[in-house]
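Here the protein sequences line up with chains G and H, keeping their order.
When the letters of the first sequence are read in order and numbered with the working numbering, they come out as residues 208 to 584.
When the letters of the second sequence are read in order and numbered with the working numbering, they come out as residues 129 to 516.
All C-beta atoms, glycine included, are put in the ideal place defined by N, C-alpha and C.
Every value quoted in this text rests on a predicted model; they were computed, and no experiment measured them.
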Amino acid sequence: MAIGQQNQTTGDDETDDADEDIVMEVRDARVQFGMSRGQAWVLNDVDMDVRREEILAIVGESGSGKSMFAAALMDAVEDPGHLSGDVTYYPRETEDDGTPSTDQIGSYDAVGDDSVDVLDMSDGELQSFRWEEVSMVFQGAMNSFNPTMKIKGHFHETIQAHNAVLDERMEHVRDLFEALHLDPDRVMNSYPHELSGGMKQRALIALALVLEPEVLVMDEPTAALDLLMQRSIISMLRELRDEFELTIVFITHDLPLVAGLSDRIGVLYAFEFVEVGETRSLLKDAAHPYTRALLRSVPSIDSDIDSMQPIEGARPDPVNIPTGCSFHPRCPIADDRCEIEDPDLVSAGEDHDAACFYTDQARSELSYILDHGSTED
Amino acid sequence: MSTDDPADDIAPDDTTTTEPSDDPVLSVEDVKVHYKPGGIVKRALTDKKVQAVDGVSFDLYENDIVVLVGESGCGKTTLGKTAIGLENPTDGSIKYRGQDIWEAKNNPRDADIEFNDIRRSMQIIHQDPANALNSSRRVKAILSDPLKKWRTELGPKEREDTIYRFLEYVDMMPPEDYAERYPHQLSGGEKQRVALGRALLMNPDVILADEAISALDVSLRVGMMDLILDLQDTFSTSYIFISHDLANARYLAKRAGGRIAIMYLGEIVEIGPPDEILGNPTHPYTKVLKWSTPTVDPDLARQRIQEDPPVREVDVPDPEDPPSGCKFHTRCPEAREVCTREEPELFDTAGESDVSCFRALESHEYWNSTELAGPDDEYGQESTGVGD
Numbered sequence: 208m209a210i211g212q213q214n215q216t217t218g219d220d221e222t223d224d225a226d227e228d229i230v231m232e233v234r235d236a237r238v239q240f241g242m243s244r245g246q247a248w249v250l251n252d253v254d255m256d257v258r259r260e261e262i263l264a265i266v267g268e269s270g271s272g273k274s275m276f277a278a279a280l281m282d283a284v285e286d287p288g289h290l291s292g293d294v295t296y297y298p299r300e301t302e303d304d305g306t307p308s309t310d311q312i313g314s315y316d317a318v319g320d321d322s323v324d325v326l327d328m329s330d331g332e333l334q335s336f337r338w339e340e341v342s343m344v345f346q347g348a349m350n351s352f353n354p355t356m357k358i359k360g361h362f363h364e365t366i367q368a369h370n371a372v373l374d375e376r377m378e379h380v381r382d383l384f385e386a387l388h389l390d391p392d393r394v395m396n397s398y399p400h401e402l403s404g405g406m407k408q409r410a411l412i413a414l415a416l417v418l419e420p421e422v423l424v425m426d427e428p429t430a431a432l433d434l435l436m437q438r439s440i441i442s443m444l445r446e447l448r449d450e451f452e453l454t455i456v457f458i459t460h461d462l463p464l465v466a467g468l469s470d471r472i473g474v475l476y477a478f479e480f481v482e483v484g485e486t487r488s489l490l491k492d493a494a495h496p497y498t499r500a501l502l503r504s505v506p507s508i509d510s511d512i513d514s515m516q517p518i519e520g521a522r523p524d525p526v527n528i529p530t531g532c533s534f535h536p537r538c539p540i541a542d543d544r545c546e547i548e549d550p551d552l553v554s555a556g557e558d559h560d561a562a563c564f565y566t567d568q569a570r571s572e573l574s575y576i577l578d579h580g581s582t583e584d
Numbered sequence: 129m130s131t132d133d134p135a136d137d138i139a140p141d142d143t144t145t146t147e148p149s150d151d152p153v154l155s156v157e158d159v160k161v162h163y164k165p166g167g168i169v170k171r172a173l174t175d176k177k178v179q180a181v182d183g184v185s186f187d188l189y190e191n192d193i194v195v196l197v198g199e200s201g202c203g204k205t206t207l208g209k210t211a212i213g214l215e216n217p218t219d220g221s222i223k224y225r226g227q228d229i230w231e232a233k234n235n236p237r238d239a240d241i242e243f244n245d246i247r248r249s250m251q252i253i254h255q256d257p258a259n260a261l262n263s264s265r266r267v268k269a270i271l272s273d274p275l276k277k278w279r280t281e282l283g284p285k286e287r288e289d290t291i292y293r294f295l296e297y298v299d300m301m302p303p304e305d306y307a308e309r310y311p312h313q314l315s316g317g318e319k320q321r322v323a324l325g326r327a328l329l330m331n332p333d334v335i336l337a338d339e340a341i342s343a344l345d346v347s348l349r350v351g352m353m354d355l356i357l358d359l360q361d362t363f364s365t366s367y368i369f370i371s372h373d374l375a376n377a378r379y380l381a382k383r384a385g386g387r388i389a390i391m392y393l394g395e396i397v398e399i400g401p402p403d404e405i406l407g408n409p410t411h412p413y414t415k416v417l418k419w420s421t422p423t424v425d426p427d428l429a430r431q432r433i434q435e436d437p438p439v440r441e442v443d444v445p446d447p448e449d450p451p452s453g454c455k456f457h458t459r460c461p462e463a464r465e466v467c468t469r470e471e472p473e474l475f476d477t478a479g480e481s482d483v484s485c486f487r488a489l490e491s492h493e494y495w496n497s498t499e500l501a502g503p504d505d506e507y508g509q510e511s512t513g514v515g516d
């Protein structure tokens, strides 16, 4: 696909292959907050391509900027935060499949061919963009249902607010419910309190997909759920992606959660991506010292407990991010160069980039052990 | 008990705990906690009860650690709170060094140990450190409250020294700096360490840590658990740790030589050392929890995501109306007819763990009983695996 190719703003050009079909492109996204102590940077010139129909996991600890990244995708950064940079959305190139969004797209400000500048939309455009093209599910959002309204009411309200055809959409909802293993009749006619947390969260995912968006952004969607429900929803998300040709951006602090789910992982540290790569390559052969330290700190049920180590040091203050590489104060292999120069994302393998000058050294000197396949019952 | 031992503000190991003892610090004996559901009206009209904890027994020894693991609503927090005397059990007893704690409260004259002393010996750390600390007071003020109440012999200078020393114990250096801060000037991990320090100020014998590390970042969890374990050695405290995460439970129990107790609908279904529980899980529910714990190995994870969960039904039954017989039988892939009517007790197994499942017994009616039909409900019970 040709539409994703005008990105040249990245420091390195190995990030985009010729045949990549990109659905959202983020360039130099920066979010600032004015604080009494100074300017806080909570997203620092971030670039990212979201490929069509991929599951992209954004992994970061609290205060790494991961929720800001999600908000930036939808131009939903709240005041007094200020978002600058470019977020471009590329609708599907051919519209012969008759997706209902076809006629909507014409009303957006077109930047090039069919691309849409998300940060340049009016409020009205944004409102339809947010449900019809890019949709979002938040952490604990299952509590955002109106307690006095049946689940059905929430669907009707959303459909009508977007002037979509009710019967047609409700037909789609039945398909969604099926994919999410929900009984449509029972769930639709229930009040929120009559459903378990897992059911509510699944109903909410269906609600987010009711207008057939291209992209689903999920911010810690399973964090408040039990492990078994969490695993079940993870499995369902892959099915949903395949069945409805979705692109999913999954934001989490929990690396193991996305190991089986995602196609690619982007690791955020101090409001920047420090490593982006194909899931298997990134987990098995992490190139950035932070990713390696993170993998070593994750408690697991079968690796040697002595191999688990916390990451020394504290996370950086958004008002006072270290110069050079932001990880250098905590990095065991940092030297003078890391204190002065900020590394760009460079290739660390096929479809795998890391922002570190010393990836080879990190790989040979900083060890970590993944679970080995000794867990079969 | 040396609850007024003045030595403990210098040397944290107090005299009673240095001598090894086989007697449990805390005995939980057949404890039941039942609640009536709903508001005032519903409560008056119904006979229904939620059996939050239903007949649980375990002992906690000196320097011991028991990690309670289970899904939300399984009663692990209620059991924990009941065990340290914050909640009155409907039935059964809690004994602190042989003294029934509710007897001590209700009949103080007959008690060997005063109720207040018992309560002080058992402290709690909550899940969310942000809400556990008063946001309008400095760390110093937060930590001086318990000292002012219970250590009245200390002057202001000694009190300050004690606070600094405890801040050092929980790795908050320099203590003079941290003591002057407000909670919002601390990170999540630092707040949790203040809460831990506050609990330790009372030199307790037992600390209930209710999901004390769940709110922390993944990279900090191992560090916090290590700190807790180091301080356990220093102060010889026993812990009841509540967690929904088997990986964390394993780390703690393995490091401390403790036990993991798996809870389901108000009962302990399997209890034993971590290697036994995870290496050789016997109860089908333990297997479910183990299966649900995500792995970071991408090959294994990708393979597992396509597997069906080892349960017949994903959702937990209504605790107001728990299933008959074995409470797990509605979801259990191994359930047979006998499981629907007979309730298994916690059996001793050949291994080191105790399991409440008939399958742990070599000869039992179970083995001749007819198997229950497979999944019958289309939603919730069928496979959630993917075929890509």
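request  = Compare the C-beta of G/D442 with all C-beta atoms of chain H and state if any pair is closer than 8 Å.
outcome  = By one-based count along the first sequence, residue 442 of chain G stands at place 235. Asp is not the amino acid found at residue 442 of chain G; the sequence shown has Ser there. Interface residue, yes.
key: Contact under 8 Å by Cβ, G/T454 with G/V230   = Translated into positions along the first sequence, residue 454 of chain G becomes position 247. Translated into positions along the first sequence, residue 230 of chain G becomes position 23. Result yes, Cβ atoms of G/T454 and G/V230 sit closer than 8 Å.
request  = Rank H/I253, H/P165, H/D425 and H/P152 by C-alpha distance to the C-alpha of H/P447 and give the top, closest one.
outcome  = Your numbering for residue 447 of chain H matches position 319 in the second sequence. When only C-alpha atoms are compared, the closest one is H/P165.
inquiry  = Here's the rule I'm using: 16 or more other beta-carbon atoms within 10 Å means buried, otherwise exposed. How should H/R237 be labelled?
reply    = Mapped onto the second sequence, residue 237 of chain H falls at position 109. Result: exposed.
task = Determine, using beta carbons only, whether H/A172 comes closer than 8 Å to chain G.
result = Position 44 of the second sequence holds residue 172 of chain H. H/A172 does not count as touching chain G.
message = Rounded to the nearest angstrom, what separates H/V181 and H/A463 at their Cα positions?
response = Here residue 181 of chain H is taken as the residue at index 53 of the second sequence, counted from 1. Here residue 463 of chain H is taken as the residue at index 335 of the second sequence, counted from 1. In a straight line, the C-alpha of H/V181 is about 23 Å away from that of H/A463.
H/F486 versus H/P445: straight-line alpha-carbon distance, rounded = Taking the first residue of the second sequence as 1, we reach residue 486 of chain H at position 358. Taking the first residue of the second sequence as 1, we reach residue 445 of chain H at position 317. So the alpha carbons of these two residues sit roughly 21 Å apart.
key: H/D305, enclosing alpha helix (DSSP H) - first and last residue   = As a working mapping, residue 305 of chain H is identified with position 177 in the second sequence. First-last of the alpha helix (DSSP H) with H/D305: P303 to A307.
query = Expressed to the nearest angstrom, what Euclidean distance is found between the alpha-carbon atoms of G/I262 and H/E480?
reply = Taking the first residue of the first sequence as position 1, residue 262 of chain G is located at position 55. Taking the first residue of the second sequence as position 1, residue 480 of chain H is located at position 352. Going by the C-alpha atoms only, they are around 43 Å apart.
ask   = Closer than 7 Å, Cβ to any Cβ of chain H: which residues of the segment 244 to 268 of chain G, in chain order?
value = E268
Sequence ranges, beta strand (DSSP E) only - wholly within the segment 483 to 570 of chain G, length at least 3 = 559 to 561
query = For H/N234, does the three-state DSSP call read helix, strand or coil?
reply = Along the second sequence, one-based indexing puts residue 234 of chain H at 106. Helix.
request  = Pull up the distance between the alpha-carbon of H/V322 and that of H/Q251, whole angstroms please.
outcome  = Within the second sequence, numbered from 1, the residue matching residue 322 of chain H stands at position 194. Within the second sequence, numbered from 1, the residue matching residue 251 of chain H stands at position 123. Their Cα atoms are separated by approximately 14 Å.
key: Cβ separation of H/I368 and H/L336, assumed to be a contact under 8 Å, to the nearest whole Å   = Reading the second sequence from its first residue, position 240 is the one you call residue 368 of chain H. Reading the second sequence from its first residue, position 208 is the one you call residue 336 of chain H. H/I368 to H/L336, Cβ: 5 Å. Contact.
Whole-number beta carbon distance between G/V422 and G/V456, since they are thought to touch under 8 Å = As a position in the first sequence, residue 456 of chain G is number 249, starting the count at 1. As a position in the first sequence, residue 422 of chain G is number 215, starting the count at 1. Rounded, the Cβ-Cβ distance is 7 Å, consistent with contact.
ask   = Would a C-beta distance cut-off of 8 Å place H/F186 and H/I396 closer than the cut-off?
value = Working through the second sequence from its first residue, we reach residue 186 of chain H at position 58. Working through the second sequence from its first residue, we reach residue 396 of chain H at position 268. Against a cut-off of 8 Å, the Cβ pair of H/I396 and H/F186 comes out as a contact.
ask   = Is the segment 378 to 392 of chain H in contact with the segment 189 to 201 of chain H, if contact means three or more CB pairs nearer than 8 Å?
value = yes
query = chain G beta carbons: is any one of them nearer than 8 Å to that of H/T410?
reply = Position 282 of the second sequence holds residue 410 of chain H. No, because no Cβ of chain G sits closer than 8 Å to the Cβ of H/T410.
task = Return the residues of the segment 395 to 410 of chain H that lie within a Cβ-Cβ distance of less than 8 Å from chain G, sorted by chain order.
result = L406 and P409
message = Rounding to the nearest angstrom, what Cα-Cα distance links G/M275 and H/D175 in this structure?
response = The residue labelled residue 275 of chain G in the question sits at position 68 within the first sequence. The residue labelled residue 175 of chain H in the question sits at position 47 within the second sequence. Their backbone Cα atoms lie some 50 Å apart in a straight line.
task = Report the neighbours of H/V156 on chain B: residues whose CB is nearer than 8 Å to its CB, in chain order.
result = The chain labelled as chain B is not found among the protein chains of the depicted structure, namely G and H.
ask   = Which class does H/R387 belong to by DSSP, given the choice of helix, strand or coil?
value = Within the second sequence, residue 387 of chain H is the residue found at index 259, counting from 1. Note: H/R387 maps to strand in three-state DSSP.
Residue range of the unbroken alpha helix (DSSP H) whose run includes G/W248 = Taking the first residue of the first sequence as position 1, residue 248 of chain G is located at position 41. Unbroken run through G/W248 is the beta strand (DSSP E), G245 to R258; no alpha helix (DSSP H).
query = When Cβ atoms are compared, which residues of the segment 337 to 361 of chain G fall closer than 9 Å to chain H?
reply = none
message = Rounded to whole angstroms, what is the Cα-Cα separation between G/S507 and H/H411?
response = Here residue 507 of chain G corresponds to residue number 300 of the first sequence, with the count starting at 1. Here residue 411 of chain H corresponds to residue number 283 of the second sequence, with the count starting at 1. Roughly 20 Å between the two C-alpha positions.
message = Within 8 Å, do at least three Cβ pairs link the segment 374 to 383 of chain G to the segment 432 to 444 of chain G?
response = no
task = Give the secondary structure of G/A277 by DSSP, where H, G and I count as helix, E and B as strand, and everything else as coil.
result = On the first sequence, residue 277 of chain G is found 70 positions in, with the first residue counted as 1. In this structure, G/A277 counts as helix in the three-state DSSP scheme.
key: Straight-line gap, G/L416 to G/S342 (C-alpha atoms, nearest Å)   = Here residue 416 of chain G corresponds to residue number 209 of the first sequence, with the count starting at 1. Here residue 342 of chain G corresponds to residue number 135 of the first sequence, with the count starting at 1. Between G/L416 and G/S342, the C-alpha separation is close to 7 Å.
ask   = Hey, H/I433 and H/G208 are a contact pair by Cβ (cut 8 Å); roughly how many whole angstroms apart?
value = Position 305 of the second sequence, counted from the first residue, corresponds to residue 433 of chain H. Position 80 of the second sequence, counted from the first residue, corresponds to residue 208 of chain H. 33 Å between Cβ atoms; not a contact.
ask   = Name the chain H residues whose beta carbon is nearer than 8 Å to that of G/D426?
value = As a working mapping, residue 426 of chain G is identified with position 219 in the first sequence. The premise fails here: G/D426 is roughly 16 Å from chain H at the closest Cβ pair, so nothing lies under 8 Å.
query = Buried or exposed: which applies to H/A172, given that a residue is buried once 16 or more other Cβ atoms fall within 10 Å of its Cβ?
reply = On the second sequence, residue 172 of chain H is found 44 positions in, with the first residue counted as 1. Exposed is the call here.
message = Quick check on DSSP: helix, strand or coil for H/K160?
response = Numbered from its first residue, the second sequence carries residue 160 of chain H at position 32. In this structure, H/K160 counts as strand in the three-state DSSP scheme.
query = Considering H/T205, what are the terminal residues of the alpha helix (DSSP H) in which it resides?
reply = Numbered from its first residue, the second sequence carries residue 205 of chain H at position 77. That run of the alpha helix (DSSP H) goes K204 to A211.
task = Please report the Cβ distance between G/P428 and H/V424, rounded to the nearest whole angstrom; I am assuming they are in contact, meaning their Cβ atoms lie under 8 Å.
result = In the first sequence, counting from the first residue as 1, residue 428 of chain G sits at position 221. In the second sequence, counting from the first residue as 1, residue 424 of chain H sits at position 296. Not a contact, Cβ separation roughly 19 Å.
key: Runs of alpha helix (DSSP H) wholly within the segment 379 to 463 of chain H (minimum 4 residues, chain order)   = 402 to 407, 412 to 420 and 426 to 432
inquiry  = Using 8 Å for Cβ pairs, my map puts H/R440 next to H/C460. What's the rounded Cβ distance?
reply    = Residue mapping note: residue 440 of chain H aligns to position 312 of the second sequence, counting from 1. Residue mapping note: residue 460 of chain H aligns to position 332 of the second sequence, counting from 1. With 8 Å as the limit, H/R440 and H/C460 qualify as a contact, their Cβ atoms being about 7 Å apart.
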